[in-house]
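End of the sequence shown sits at 139 in UniProt numbering; the numbers just go up one at a time, nothing left out.
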Amino acid sequence: MTETNNSPKIDSVGARLRMWRHSNMLRLVDLAELIGVSQGSLSDLENDKSLPSAGTLTGLCIRTDLNIYWLLTGTGPITVKDRNIEIDTSHEAAFMQMMQDKDLRKTVNRLVEVYKRGTSSQKAMLKGFLSGVELDVSG
Numbered sequence: 001m002t003e004t005n006n007s008p009k010i011d012s013v014g015a016r017l018r019m020w021r022h023s024n025m026l027r028l029v030d031l032a033e034l035i036g037v038s039q040g041s042l043s044d045l046e047n048d049k050s051l052p053s054a055g056t057l058t059g060l061c062i063r064t065d066l067n068i069y070w071l072l073t074g075t076g077p078i079t080v081k082d083r084n085i086e087i088d089t090s091h092e093a094a095f096m097q098m099m100q101d102k103d104l105r106k107t108v109n110r111l112v113e114v115y116k117r118g119t120s121s122q123k124a125m126l127k128g129f130l131s132g133v134e135l136d137v138s139g
């Protein structure tokens, strides 16, 4: 089910997730197992009692064709069929562990907000800063 600007307008993350899950004929328990979260957490998310965690979003992104941007905003295609990149999941556990650090999580959220709402100049500054502080992990 891939739609573009004609995506149904559903007002919440939980309602969008439930609609996508039903359209893919997935039971709650099966999706929870697939993405590595508890059935209760997924139920709370679908009932708008909570927002998706980094782990939930990561699982949905890596293990399904659900467009995370659509899930969070209700805008764009519902699914992403053509992922022209190979996703390396070998670092997933390390990433999830790092995201438990509240300071890092706050910093990542701030970075995303600045990038989403920033001007072209601010985005270029962020990219330049990151290029300047990148660590050489190759050796």
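For every residue, glycine included, the Cβ atom is placed at its ideal position computed from N, Cα and C.
Three-pair Cβ contact test at 8 Å for the stretch 51 to 66 versus the stretch 30 to 43: Under the three-pair Cβ rule at 8 Å, the stretch 51 to 66 counts as touching the stretch 30 to 43.
9 Å Cβ cutoff met for residue 52 and residue 17: Closer than 9 Å, so yes.
Residue 72 beta carbon near the ligand FAD (any heavy atom closer than 8 Å): In the structure on display, the ligand FAD does not appear, and there are no ligands present to speak of.
Proximity to residue 64 [Cα-Cα], best of 38, 126, 15 and 20: The candidate whose alpha carbon is nearest that of residue 64 is 20.
Identity of the residues DSSP links to residue 119 by a beta bridge: DSSP, once it has assigned bridges, lists no residue as partnering residue 119.
Beta-carbon contacts of residue 68 that lie in its chain and below 8 Å, excluding the five residues immediately before and after: Hits under 8 Å: 57, 60 and 61.
Reduced DSSP category for residue 79 - H, G, I as helix; E, B as strand; rest coil: When secondary structure is reduced to three states using DSSP, residue 79 falls in the strand class.
Contacts around residue 80, its chain only, beta-carbon distance under 7 Å, and the 5 residues preceding and following it disregarded: Excluding its 5 nearest sequence neighbours in each direction, residue 80 has C-beta neighbours in its own chain below 7 Å: 65 and 67, listed in chain order.
Three-state secondary structure (DSSP) of residue 130: In the structure shown, residue 130 falls within a helical segment according to DSSP collapsed to helix, strand and coil.
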